[in-house]
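Residue numbers (the UniProt record's numbering): 1 to 130.
The C-beta atom is built at its ideal place from N, Cα and C for all residues, glycine as well.
Remember, it's a predicted structure, so these values are computed and weren't measured experimentally.
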């Protein structure tokens, strides 16, 4: 049995479990540090007036300093309480990461994007709401 055979059903169960985990719903600001290629940066720059979505689960953190450790891009994500973010830090093996998991398929819009020369990173501010 391959990892694909087991991962797909697990992701499906996790996705459907979001409703039953409403006590862990999170609304507020989270961060994600990621390495983007120049082509990916271009895609975000060209999509400022559009809605985009991530098709997979997205791991974020409430800790900006932690997200700054990763990649060449910092996403600052504002989401309302019902935007399908779960604060999973209380049952994570790494609670200090302050992880908030965002459900696949959540549409978002880009509020602002700039390159910050002080930290040599792209800063992309987005909003997720229902």
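Residue from the options whose Cα sits closest to the Cα of residue i
i, options, result
"residue 78", "31, 24, 43 and 23", "31"
"residue 106", "45, 118 and 129", "129"
"residue 74", "23, 24, 110 and 25", "110"
"residue 24", "47, 91, 119 and 117", "91"
"residue 127", "117, 112 and 118", "112"
Anticipated Cβ contact below 8 angstroms, residue i with residue j, distance rounded
i, j, result
"residue 123", "residue 60", "So it is not a contact: roughly 15 angstroms between Cβ atoms."
Pair within 8 angstroms by beta-carbon distance, residue i and residue j
i, j, result
"residue 104", "residue 51", "no"
"residue 62", "residue 98", "yes"
"residue 69", "residue 88", "no"
"residue 67", "residue 33", "yes"
"residue 121", "residue 72", "yes"
"residue 94", "residue 53", "no"
Contact between the region 81-95 and the region 34-48 is defined here as three or more beta-carbon pairs at a separation below 8 angstroms; is this criterion met?
no
Only counting runs of 3 or more residues, tell me where the beta strand (DSSP E) segments fall wholly within the region 85-122, in order along the chain.
Residue ranges of uninterrupted beta strand (DSSP E) with 3 or more members, entirely inside the region 85-122 and ordered along the chain, are 85-87, 99-102 and 107-116.
At 4 residues or longer, what runs of the alpha helix (DSSP H) sit wholly inside the region 21-75?
38-46 and 64-67
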